[in-house]
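Shown next, in structure tokens, is the structure this report addresses.
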Amino acid sequence: MRILSGIQPTGTPHLGNYLGAIRNWVANQNEDSLYCVVDLHSLTGDIDPATLNANTRHLFAALLACGIDHDKCTLFIQSQVPWHSQLNWLLECVASYGELKRMTQFKEKADRQSGYRVGLLTYPVLMAADILLYQTTHVPVGDDQRQHLELARELAERFNNRYGQTFVVPEGMVPQFGGRVMDLQEPIRKMSKSVSSPQGSIDLFESESSIAKKIKRAVTDTDNEVKYDWESKRGLSNLLDIFGALTNRSPVEIAASYTRYGDLKADLTEALVETLTPIRLRYEDLLSDPAELARLATIGAGKAEPIAAETYRRASAAMGLLS
Ligand code: ATP
Ligand code: LTN
């Protein structure tokens, strides 16, 4: 089993990133696992250079704080391994404009930005390059990445058919609960770094009082029946999903043990504080030593690079490029 996943340094990581992805990265880090901060992906939006620089360092520290251990797996920064951009180009010449134009995330994001960048369209190809470079068998991601993952599989198969067996065709790993954490204020959309309002999202480094306030104000409904039902009770079901993911229990079972929203919210707050406080303390500690973070990033890139170089070499030779 070879695992790879990535996360964008577009802002402070939130509970959705943690429950949908990072927690599962930690759980699987004893496999042959590589995890990266995908800074090149963040250039698809309008991000200030100083902000991108700081976010990348902070996110690297955040992953360590969440329990990623650089001795057990490979943790690196995407742009420090140049083969990602190199393979991206080869795969852009395998992908079609039509299939990229149809990606749901592209359509949503393009709708919100006038004069969006070409990179926003081709972004899933770069994600496919990230995955295929490492002969990845499994990709732990949240539910929103299913379509991008399907494209990575399709490109691998198309390349193998056209140019000869080169890439492993990867599988997604989406968690049963926590794979799609919704915005606390607008539970019809997913919690997101770049779109959610501060009230709709819980950051990994949120203080206890702020977590309590946000959960208290999370949108539910007025009929006061505690029931897990995504059709009629989205806000409440989201809270039950979060609670279930945090405590490894089924949301239906949790719902059965409460009669009042207030009690459920109080206990959920407690579970969140218990999970997030140690992460916040480790994070603050890690940020105090930037030289050590830079050293760990260099080690990670050094471990990833030879694997990526070998796959790139095979792919470029298969396409007829001279070495
Ligand atoms: P952005 O808002 O900038 O698009 P994001 O918050 O969606 O960012 P990413 O960096 O794109 O986060 O995603 C990192 C990982 O977190 C991916 O595996 C993604 O599927 C997962 N993820 C993101 N949002 C959620 C969510 N609300 N619930 C569960 N998983 C999520
Ligand atoms: N597209 C993903 C981030 C991402 C990724 C990857 C995830 C980039 N490269 C490789 C898994 C594997 C996102 O926006 N969440």
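When you line the sequence shown up against this note's numbering, it's residues 221 to 543, in that order.
Backbone N, C-alpha and C fix where the C-beta goes; we use that ideal spot for every residue, glycine too.
These figures come from a predicted structure and were not determined experimentally.
Check	Outcome
Burial state of residue 258 (16 or more Cβ within 10 Å)	buried
Pairwise C-alpha distance: residue 262 and residue 230	6 Å
Beta-carbon separation (whole angstroms), residue 234 vs residue 421, contact threshold 8 Å	5 Å
Candidates 274, 312, 368: closest to residue 325 by CA position	368
Beta-carbon proximity check, residue 353 vs residue 307, cutoff 9 Å	yes
Beta-carbon contacts of residue 525 that lie in its chain and below 8 Å, excluding the five residues immediately before and after	301, 303
Alpha-carbon spacing of residue 448 relative to residue 227, whole angstroms	30 Å
Sub-9 Å separation of residue 299 and residue 341 beta-carbons	no
Residues that residue 223 bridges to, as DSSP identifies them	253, 358
Contact check, residue 402 vs residue 410, beta carbons under 9 Å	yes
Start-to-end residues for the beta strand (DSSP E) that takes in residue 295	294-297
Assigned secondary structure, residue 539 (DSSP; H/G/I helix, E/B strand, else coil)	coil
Proximity below 9 Å, CB of residue 225 to CB of residue 388	no
Residue 459 beta carbon less than 9 Å from that of residue 431	no
Reference residue 391; option with closest CA among 429, 237, 377	377
Beta-ladder partner(s) of residue 410, from DSSP	402
Counted within 10 angstroms of its Cβ, other Cβ atoms place residue 501 as buried (16 or more) or exposed	exposed
Cα-Cα separation, residue 366 to residue 358	13 Å
CB of residue 483 within 9 Å of CB of residue 471, strictly	no
Given residue 424 as reference, the closest of 251, 285, 249 once Cα atoms are compared	285
Coil, strand or helix - residue 347 by DSSP	helix
Under 9 Å between C-beta atoms of residue 318 and residue 363	no
Secondary structure of residue 392, DSSP reduced to three states	strand
Closer than 8 Å: residue 365 CB and nearest the ligand ATP heavy atom	yes
Ranges of the alpha helix (DSSP H) found wholly within the stretch 483-543, counting only runs of at least 4	510-538
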